[in-house]
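Asker:
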Amino acid sequence: MSQDEYRDMLPGTTEFRLPEPPPVQRVNGRRPIPEKGEPMPERPDPVAAPGGLDVWDRRVAEGLAFLRRRLAGAYEVDEFGFDPELAEAFFHPLLKILYRDWFRTEVLGIENVPAEGSALVVGNHSGTIALDALMLTVGLRDRHPQQRHLRLLGADLVFRMPLMSELARAAGATVACNPDAERLMTSGHLVGVFPEGFKGIGKKFSERYKLQRFGRGGFVSAALRTGTPIVPVAIVGAEEIYPILADLKPLARLLGVPYFPITPTFPWLGPLGMVPLPSKWLIQFCPPIPTAHLTEFADDPLVVYNLADQVRETIQATLHELLEKRPDPFGP
Amino acid sequence: MVTSPPSVVVVTGVSRYFGARVAARLAADPRIDRVVGLDPHDPPARLLGLLDGVERIRADARAATEAIADLGPEAVVHLAITSVPDGRNGGRAAMKEQNVIGTMQVLAAAQGAPGLRKLVVRSSTAAYGASFRDPAVFTEDTEPRAVPRGSYARDILDIEGYVRGFRRRRPEVAATVLRFAPMISSSAETSLTRYFAQPVVPTVLGRDARLQFVHAEDAFEILHRAVIEDHPGTFNVAGSGVLMLSQAVRRAGRLSLPLPEPALSTAAALLRNLGVEQIGMDQIDLFVHGRVVDTTRLVREFGYTPRTTVEAFEDFIQAHAAGSTLTADRLVAAENAILDGIRRVRAAAADAAPAGRETS
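For the protein sequence lines, the chains are A and B, in the order given. Position 326 of the first sequence, counted from 1, bears residue number 326 in the UniProt record's numbering, the numbering being contiguous throughout. Position 26 of the second sequence, counted from 1, bears residue number 26 in the UniProt record's numbering, the numbering being contiguous throughout.
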């Protein structure tokens, strides 16, 4: 086929390279062929495998050993409460279903995330509940060659709620405050932060993909103090999962939450309204902004503000680019 | 920094296990000539053996002032600080009297002692309070975000306030404040060790605290060094690493009983009034928020690394294996039994339908 025909087959104006195989066609909402670059998961077919019996035997043995380790408390937890074993065995596989099959997430520019050492990943926040933070974590874990864990910085509201606080800590999150951020960065972790906070996830659908104010830029001074590079990331797709049509402020105040969203499905459909709409997600990591040469300016408000603004502009511009690549929010 | 060890040391709070052990340790050190134990109460019989080499003066806080002035000590080690009200000895009022007023008087006496070179005060990591906005790890410079609910934590804040005042007035005295994490060992008995020794352990529903312990022997070693050497400043004393409360309960082979926080508070208040067990707001706050401290400063300055939290807790478990139900051995046995059972059933199923298995 000619290059023009090929281009016509593609949705929107997605960049393409000729040697690549034709785009994956969706059959019954699932991808029959694994995408190029994504290695086939090493999961031998239990029926076709010669030792089919042993595969199941191994799985049962592994499952029981896991259960025994959990019941005996024989696992390690770091000082922030991160439980890598639980994250690996429980949170990650569960979220990956949402990531891959429901949101069909594509990750671009993963090479901008350093292979080792600390980095501060700064993203746009949207989607009523912070699913974008979780999808970013799964994306990094899934697509990064070193399978790095993103350590999220969360609002203190998350850590106020029982159960939620413990799940967040076990998954590697901690309270968004400078001491914790600096401690994580000096120990070489990948830290994720959404400076828009509730202003970002609680904004109305009409303001989608418009970045909100970045607060006081505390994340920038934390990065400057530790000389950690900042990796801006633009996430497209989260705005459409629960479009907020209205915000019931009095009810929110009564419940002690920052906003009470009214979406096309919530609260009309009850628990069913909690199901996110299956939008198409794109996550683009931008080139890192080095900060090692700016360490002495950590307390200079002008430098901090300018850098925060630079990060914000980068994310906003990347959002527009991504939106052009994704003309249909619910496309394949 | 090492200077000459003090020749006369006054230790307060020798009627309790912690104070008695420290006093005994200091008395056994040949570099120290004289160790004097001050306490308003007589030590119980089981501690008397420890206190052989220690001169004891039975004096309440007021009398202690005169005693300290008479003795002319070079070092005062203030350990008469209780974390839990004692129902038999006046309850919370007496605890506050001892902690706050006692500290005030001891520090006032120390301030008036001309030959004093060293002051060592026992504090606690409860000084960081408990708030949902707290950083995950406290360094010595972290200020508490809110006034704590627990009475012990409030006392600790008062005590540290008095030490700050003392430092201002006697800047040439090396004042060391040691913030201890909860102590645990095979033999130490605290309200926390009693808590973990129960067969069924009540916890807070939906909360899993990050805990740190310090081995009691390490705490004694640090205190000893603080008296012999010069380490002015405030130090966190804890074993590195973290155990989650649920994890600690599981490692101890106990069963946890998660209760909603209000129910647990009510039950704790009821038990307190009945005088059965003293679980205060301090402990409930600890189980809701957890508490982890940074010990970099301690390790650097003292040149001593305490046993890790996991090792300290392991030592405790070994001594308290009696009440455990879900031990690691039993879990391994159960795992093997279930695995064997499944294998046997599968083998039987495969034998019953060999043809079907081969074609598939």
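Idealized CB from N, CA, C, for every residue including glycine. Keep in mind that this is a model prediction, so the values were computed, not measured.
At which residues does the alpha helix (DSSP H) containing residue 307/A begin and terminate?
Answerer: 301 to 325
Asker: Quick check on residue 68/A - is its C-beta less than 8 Å from some C-beta in chain B?
Answerer: yes
Asker: Quick one, which of 81/A, 134/A and 108/A has its alpha-carbon nearest residue 91/A's?
Answerer: 134/A
Asker: Check whether the stretch 276 to 293 of chain B and the stretch 148 to 155 of chain B are in contact - that is, three or more C-beta pairs closer than 8 Å.
Answerer: yes
Asker: If you draw a straight line from the alpha carbon of residue 219/A to that of residue 130/A, how long is it in whole angstroms?
Answerer: 18 Å
Asker: Compare the C-beta of residue 93/A against all C-beta atoms of chain B and say whether one is closer than 8 Å.
Answerer: Answer no: the Cβ-Cβ gap between residue 93/A and chain B never drops below 8 Å.
Asker: Considering only their Cβ atoms, is the gap separating residue 304/B from residue 222/B smaller than 8 Å?
Answerer: yes
Asker: Taking only the alpha-carbon atoms, compute the straight-line gap between residue 231/B and residue 173/B and give it to the nearest angstrom.
Answerer: 11 Å
Asker: Sort out for me which residues DSSP pairs residue 329/B with in a bridge.
Answerer: Paired residues: none, contrary to the question.
Asker: Any C-beta of chain A within less than 7 Å: which residues of the stretch 317 to 332 of chain B qualify?
Answerer: 326, 328, 331 and 332
Asker: Note down, in chain order, each residue of its chain lying with its Cβ closer than 6 Å to the Cβ of residue 172/A, except the 5 sequence neighbours on either side.
Answerer: Cβ within range, chain order: 82, 149 and 151.
Asker: Mind checking whether residue 235/B and residue 298/B have CB atoms under 8 Å apart?
Answerer: Yes, Cβ-Cβ distance for residue 235/B and residue 298/B is below 8 Å.
Asker: Is any beta-carbon of chain B found at less than 8 Å from that of residue 50/A?
Answerer: Residue placement at residue 50/A is flagged as unreliable, the pLDDT there being 49, under the threshold of 50; the coordinate-derived value follows with that caveat. So, not an interface residue.
Asker: Give me the residue from 335/B, 189/B, 289/B and 15/B with the minimum Cα distance to residue 162/A.
Answerer: Comparing Cα-Cα distances from residue 162/A to each of 335/B, 189/B, 289/B and 15/B, the minimum goes to 289/B.
Asker: When DSSP labels each residue in this structure, what does residue 289/B get in the three-state scheme?
Answerer: helix
Asker: If you measure from the beta carbon of residue 136/B to each beta carbon in chain A, is any gap under 8 Å?
Answerer: yes
Asker: Taking C-beta to C-beta, are residue 7/B and residue 33/B nearer than 8 Å?
Answerer: If you check the CB distance, residue 7/B and residue 33/B come in under 8 Å.
Asker: Which parts of the stretch 134 to 197 of chain A are runs of the alpha helix (DSSP H), unbroken and 4 residues or longer, counting only runs that do not cross its ends?
Answerer: 156 to 160, 164 to 170 and 178 to 186
Asker: Give the residues from the stretch 239 to 253 of chain B that approach chain A closer than 9 Å (Cβ to any Cβ), ordered along the chain.
Answerer: Of all residues in the stretch 239 to 253 of chain B, the ones placed with a Cβ closer than 9 Å to any Cβ belonging to chain A are 240, 241, 242, 243, 244, 246, 247, 248, 249, 250, 251, 252 and 253, in chain order.
Asker: How should residue 62/A be labelled, buried or exposed, when 16 other C-beta atoms within 10 angstroms of its C-beta is the threshold for buried?
Answerer: exposed
Asker: I'd like to know if residue 152/A contacts chain B, where contact means its C-beta is closer than 8 Å to some C-beta of that chain.
Answerer: no
Asker: Using a C-beta cutoff of 8 Å, does residue 335/B count as contacting chain A?
Answerer: yes
Asker: Below 6 Å CB to CB, which residues in the same chain sit around residue 27/B once its five sequence neighbours on both sides are set aside?
Answerer: 35, 53 and 54
Asker: Touch check for the stretch 109 to 128 of chain A and the stretch 69 to 85 of chain A: three-plus C-beta pairs under 8 Å?
Answerer: no
Asker: Taking just the CA atoms, how far does residue 263/A sit from residue 251/A?
Answerer: For residue 251/A and residue 263/A, the distance between alpha carbons rounds to 15 Å.
Asker: Determine the extent of the alpha helix (DSSP H) in which residue 293/A is found, giving its start and end residues.
Answerer: Here residue 293/A belongs to no alpha helix (DSSP H), and DSSP marks it neither H nor E.
Asker: Which bits of chain A does residue 342/B rub up against, with CB to CB less than 7 Å?
Answerer: For residue 342/B, the chain A residues whose C-beta falls within less than 7 Å of its own C-beta are 60, listed in chain order.
Asker: Can a CB atom of chain A be found closer than 8 Å to the CB of residue 11/B?
Answerer: no
Asker: Out of curiosity, what's the CA-to-CA distance linking residue 163/B and residue 175/B?
Answerer: Their backbone Cα atoms lie some 8 Å apart in a straight line.
Asker: Applying the criterion that 16 or more other CB atoms from any shown protein chain within 10 Å of the CB defines a buried residue, is residue 333/A buried or exposed?
Answerer: The question about residue 333/A has no answer here: the residues shown for chain A are numbered 1 through 332.
Asker: How would you list, in chain order, the residues of chain A whose beta-carbon sits under 9 Å from the beta-carbon of residue 205/B?
Answerer: 162 and 163
Asker: When the cut-off is 8 Å and only beta carbons count, does residue 80/A lie next to chain B?
Answerer: With 8 Å as the cut-off, residue 80/A counts as an interface residue toward chain B.
Asker: So which residues on chain A does residue 208/B lean against when the C-beta distance must stay under 7 Å?
Answerer: 166
Asker: Straight-line CA distance for residue 177/A to residue 348/B?
Answerer: Spanning the two alpha carbons is a distance of roughly 59 Å.
Asker: Excluding the 5 residues preceding and the 5 following residue 319/A in the sequence, name in chain order all residues of the same chain whose CB lies nearer than 8 Å to its CB.
Answerer: 124, 209, 211, 234 and 236
Asker: How should residue 332/B be labelled, buried or exposed, when 16 other C-beta atoms within 10 angstroms of its C-beta is the threshold for buried?
Answerer: exposed
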